[in-house]
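A.B. asks:
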Amino acid sequence: MIDYKEFEEIVVNVLERDISSNEDQNLAISSPKDQSLFIVAGPGSGKTTVMVLKILKFIFVDDVSPNEILATTFTRKAASELLSRILSWGDKIKSKLIANYMDKMFSGEITDDAIIKEINRIDFNQINIGTIDSIADELLRIHRQAGTSQPILIEDFVANSVMINECLLKDDRYKHDSLQEYLAEITGKQSNTEQKPKVKNLTMMASILIEIKEHIYYNMVDINKILNNIQPTELGKQLALKLILEYAEILKSQNIYDFAMLETEFLRRLNSDSLNVFLNDIKIILVDEYQDTNLLQESIYFKIAESAIENGGNITVVGDDDQSLYRFRGASVDLFTNFIERIAKIGIEAKEVNLKTNYRSTENIIDLCNDFVELDDEYQSARVKEKPKIEVPSFNEDDSNQVPILGMVRHNEQLLATDVAKFIDELTRNGRVKRKIKRVLTKDENKKFNSDNKTTLINYRDKGFDLAEGEDEIVIELGDDGSAEDIAFLTF
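Start counting at 1 in the sequence shown, then tack on 29, and there's your number in our numbering.
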């Protein structure tokens, strides 16, 4: 439709996103349609901007139809925000292109309006965007096999209720000492007596059993194989696994799935060729927060990726191993850190791109984070190999890229929230804020204050602040060119 140069010019001039100044972002966005990417996106590195512009680049430059793109996020909120940004920026690009081609028609440079009609037909709502669960649920509904009904997806609290009422309460199995002791053992519960610790609370028992079930499903473990190898003395473990099997059978008999069962069924359908209509269309897969992916989800993505590659497209995963939070739900950061090696096993070559420039935090915070993640030597083996440090952006040559830090202290959360809101509102509307404070420190003074608990007020007039001393407080007016590393503690 258009070349990348024209796309970049529109992004810079219309969307006001200077992607050319950040080499890493530009590399991630401009990569060829058939180049799979492993994007390591540090905090505040413009990850969402890259994802949105990459999708729009596929559509406007590579002529990929919106329905040929699959983008998954970790939460529904993130999916909604991603789609909202795509719709907003996509419509602006469409409007600009249509205006450009209309001018060319009026000038006689082009005589055919086919390109204008093609641009008008672009429907960004056709992009497959959602969590992996919502995508699976929708695709299984759309491609439901003849004579079958759509499974009902239940939330976690309903799953717990089924485990309690249909499994644990049946024949009073929740009272079995061996089961209570086993659940206490695997959760590390301690006892204050000589007796073995037990878990007796029904809700807690159900929650633990559901968690075990999820780990079994997400790690693609054969539960029957485990049962066949259980020792006669492992009565609690045996009963727990039988309860999990019974729970799954009860749900299936009523055409009900929980999230783990839904993903398992989705993978089964993908492997059975019953979703080939979907697979034959997909060219682009973009996965956000890949560091929180589990083995079952990886298998789903890899299966879809094989079709995307055959269709001339790619798979791109985005994440940050230092922000992996969901191991307790079956996620494995190893799947992210070893992505290039793992995807290579199915014949897909991925290129690594590091988004390392942080646009969100001050240099002090960035330095602290860089130092903190390197404190534990053992932790380094769990990170992406040769991962670069987070960097501070260089906005201009005089290096005046520091951002003042403002600390506000109040007696309670409500008062703090109110004063922060007032401060931001006034600063946004007027560009300047005047507040009473008790202490103003530079970076060096702050270090001295922390070391010997002594400090003196300094004249900041030369640094862009207007100060007026009082008996116990001074007044500070934040100017446009305030000192980069000054810290003001507002304690009134």
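Built from N, CA and C at the ideal position, the CB exists for glycine as well.
Excluding the 5 residues flanking Thr-216 on each side, which residues of the same chain have their C-beta closer than 8 Å to its C-beta?
C.D. replies: For this step, residue 216 is matched to residue 187 along the sequence shown. Same-chain partners within the cutoff: Val-228 and Ile-237.
A.B. asks: By DSSP, does Leu-192 sit in helix, in strand, or in coil?
C.D. replies: On the sequence shown, position 163 is the one that residue 192 refers to. In the sequence under discussion, the amino acid at residue 192 is Met, which differs from the Leu named in the question. The answer is helix: DSSP assigns Met-192 an H, G or I state.
A.B. asks: Is Ile-311 closer than 8 Å to Ala-337 when the C-beta atoms are compared?
C.D. replies: Translated into positions along the sequence shown, residue 337 becomes position 308. Translated into positions along the sequence shown, residue 311 becomes position 282. Taking 8 Å as the Cβ cut-off, Ala-337 and Ile-311 qualify as a contacting pair.
A.B. asks: What number of angstroms, rounded off, separates the C-alpha of Glu-442 from the C-alpha of Met-131?
C.D. replies: Counted from its first residue, the sequence shown places residue 442 at position 413. Counted from its first residue, the sequence shown places residue 131 at position 102. Between Glu-442 and Met-131, the C-alpha separation is close to 55 Å.
A.B. asks: Measure from the alpha carbon of Ala-289 to the alpha carbon of each residue in Lys-125, Ile-68, Leu-198 and Ile-239, then state which is nearest.
C.D. replies: Here residue 289 corresponds to residue number 260 of the sequence shown, with the count starting at 1. Distances from the CA of Ala-289 to each of Lys-125, Ile-68, Leu-198 and Ile-239 were compared; the closest alpha carbon is that of Ile-239.
A.B. asks: If distances are taken between C-alpha atoms only, which option among Gly-265, Thr-140, Gln-409 and Asp-400 comes closest to Glu-420?
C.D. replies: Looking up residue 420 in the sequence shown gives position 391. Comparing Cα-Cα distances from Glu-420 to each of Gly-265, Thr-140, Gln-409 and Asp-400, the minimum goes to Asp-400.
A.B. asks: Please state if the CB of Asn-383 and the CB of Asp-53 are separated by a distance shorter than 8 Å.
C.D. replies: Stepping through the sequence shown from its first residue, residue 53 is reached at position 24. Stepping through the sequence shown from its first residue, residue 383 is reached at position 354. Result yes, Cβ atoms of Asp-53 and Asn-383 sit closer than 8 Å.
A.B. asks: Could you give the distance in angstroms between the alpha-carbon of Tyr-286 and the alpha-carbon of Thr-222?
C.D. replies: Taking the sequence shown and counting its residues from 1, one reaches residue 286 at position 257. Taking the sequence shown and counting its residues from 1, one reaches residue 222 at position 193. When rounded, the distance between both Cα atoms is 41 Å.
A.B. asks: DSSP puts Val-347 in a beta bridge; with which residues?
C.D. replies: Translated into positions along the sequence shown, residue 347 becomes position 318. Answer is Ile-68.
A.B. asks: Count the other CB atoms within 10 Å of the CB of Glu-37; is the residue buried (16 or more) or exposed (fewer)?
C.D. replies: By 1-based counting over the sequence shown, the position of residue 37 is 8. That one is buried.
A.B. asks: Between which two residues does the alpha helix (DSSP H) containing Glu-318 stretch?
C.D. replies: For the purposes of this step, residue 318 is taken as residue 289 along the sequence shown, with counting starting at 1. Premise fails: Glu-318 is in no alpha helix (DSSP H) and is neither H nor E.
A.B. asks: Measuring CB atoms only, is the region 339 to 356 touching the region 65 to 83, in the sense that at least three cross pairs come out at less than 8 Å?
C.D. replies: yes
A.B. asks: How is Ile-369 classed by DSSP in three states: helix, strand or coil?
C.D. replies: In the sequence shown, the residue the question calls residue 369 occupies position 340. Helix.
A.B. asks: Rounded to whole angstroms, how far is the Cβ of Gly-73 from the Cβ of Tyr-319, which I believe are closer than 8 Å?
C.D. replies: By one-based count along the sequence shown, residue 73 stands at place 44. By one-based count along the sequence shown, residue 319 stands at place 290. Not a contact, Cβ separation roughly 18 Å.
A.B. asks: Which residue from Gln-64, Asn-157 and Ile-144 puts its Cα closest to that of Ser-109?
C.D. replies: Position 80 of the sequence shown, counted from the first residue, corresponds to residue 109. Of the candidates Gln-64, Asn-157 and Ile-144, the one whose C-alpha sits nearest the C-alpha of Ser-109 is Asn-157.
A.B. asks: Taking contact to mean at least 3 C-beta pairs separated by less than 8 Å, is the region 254 to 261 in contact with the region 301 to 309?
C.D. replies: no
A.B. asks: Taking one C-beta from the region 98 to 115 and one from the region 446 to 453 each time, how about it: are there three or more such pairs within less than 8 Å?
C.D. replies: no
A.B. asks: In whole angstroms, what is the alpha-carbon distance linking Glu-147 and Gly-436?
C.D. replies: For this step, residue 147 is matched to residue 118 along the sequence shown. For this step, residue 436 is matched to residue 407 along the sequence shown. One C-alpha to the other measures close to 52 Å.
A.B. asks: Spatial neighbours of Lys-125 within its chain, please: CB distance less than 6 Å, with the 5 preceding and 5 following residues excluded, ordered by chain position.
C.D. replies: Numbered from its first residue, the sequence shown carries residue 125 at position 96. Ile-39 and Val-43.
A.B. asks: Taking the alpha carbon of Val-116 as the reference point, which residue from Val-90, Met-80, Val-438 and Phe-153 has its own alpha carbon closest?
C.D. replies: In the sequence shown, counting from the first residue as 1, residue 116 sits at position 87. A small fix is needed here, since residue 116 is Leu in this sequence, not Val. In this structure, Phe-153 is the residue among Val-90, Met-80, Val-438 and Phe-153 with its C-alpha nearest to the C-alpha of Leu-116.
A.B. asks: Sort Leu-364, Leu-315 and Leu-325 by Cα distance to Val-81 and report the nearest one.
C.D. replies: Position 52 of the sequence shown, counted from the first residue, corresponds to residue 81. Residue Leu-315 is the option with its Cα nearest to Val-81.
A.B. asks: Which class does Lys-414 belong to by DSSP, given the choice of helix, strand or coil?
C.D. replies: Here residue 414 refers to the residue found at position 385 when the sequence shown is read from its first residue. Reduced to three states, the DSSP call for Lys-414 is coil.
A.B. asks: Report buried or exposed for Asn-300, applying the criterion of at least 16 other Cβ atoms within 10 angstroms of its Cβ.
C.D. replies: Position 271 of the sequence shown, counted from the start, is the residue given in the question as residue 300. So Asn-300 ends up on the exposed side.
A.B. asks: If we call anything under 8 Å between Cβ atoms a contact, is Ala-165 one with Phe-331?
C.D. replies: Taking the first residue of the sequence shown as position 1, residue 165 is located at position 136. Taking the first residue of the sequence shown as position 1, residue 331 is located at position 302. No.
A.B. asks: Helix, strand or coil: how does DSSP classify Met-437 here?
C.D. replies: Sequence index remark: in the sequence shown, residue 437 carries index 408 (1-based). Met-437: strand per DSSP, three-state reduction.
A.B. asks: Should Glu-403 be labelled buried (16 or more other beta-carbon atoms within 10 Å of its own) or exposed?
C.D. replies: Within the sequence shown, numbered from 1, the residue matching residue 403 stands at position 374. Result: exposed.
A.B. asks: Using CA coordinates, which residue listed in Glu-335, Leu-168 and Asp-185 is at the minimum distance from Gln-179?
C.D. replies: Against the sequence shown, residue 179 aligns to sequence position 150. When Glu-335, Leu-168 and Asp-185 are compared, the shortest CA-CA separation from Gln-179 is found for Leu-168.
A.B. asks: So, using beta-carbon positions, are Ile-279 and Val-191 closer together than 8 Å?
C.D. replies: Taking the first residue of the sequence shown as position 1, residue 279 is located at position 250. Taking the first residue of the sequence shown as position 1, residue 191 is located at position 162. Cβ atoms of Ile-279 and Val-191: closer than 8 Å.
A.B. asks: Keeping to the same chain, check which residues put their C-beta closer than 7 Å to that of Asp-92; ignore five residues upstream and five downstream.
C.D. replies: The residue you call residue 92 lines up with position 63 of the sequence shown. Excluding residues within five positions, the ones whose Cβ falls inside 7 Å are Met-30.
A.B. asks: In this structure, how does DSSP classify Gly-159 when only helix, strand and coil are distinguished?
C.D. replies: As a first step, residue 159 is located in the sequence shown; it is residue number 130 there, counting from the start. The answer is strand: DSSP assigns Gly-159 an E or B state.
A.B. asks: Answer with buried or exposed for Thr-322, where buried requires no fewer than 16 other C-beta atoms within 10 angstroms of its C-beta.
C.D. replies: Locating residue 322 in the sequence shown gives position 293, where the first residue counts as 1. By the neighbour-count rule (16 or more Cβ atoms within 10 Å), Thr-322 is buried.
A.B. asks: Which value, in whole angstroms, describes the spacing of the CA atoms of Asp-47 and Ser-163?
C.D. replies: By 1-based counting over the sequence shown, the position of residue 47 is 18. By 1-based counting over the sequence shown, the position of residue 163 is 134. Each residue's Cα considered, the two are about 34 Å apart.
A.B. asks: Going by C-alpha to C-alpha distance, which of Glu-45, Phe-87 and Ser-50 sits closest to Ser-59?
C.D. replies: Against the sequence shown, residue 59 aligns to sequence position 30. It is Phe-87 whose Cα lies nearest to the Cα of Ser-59.
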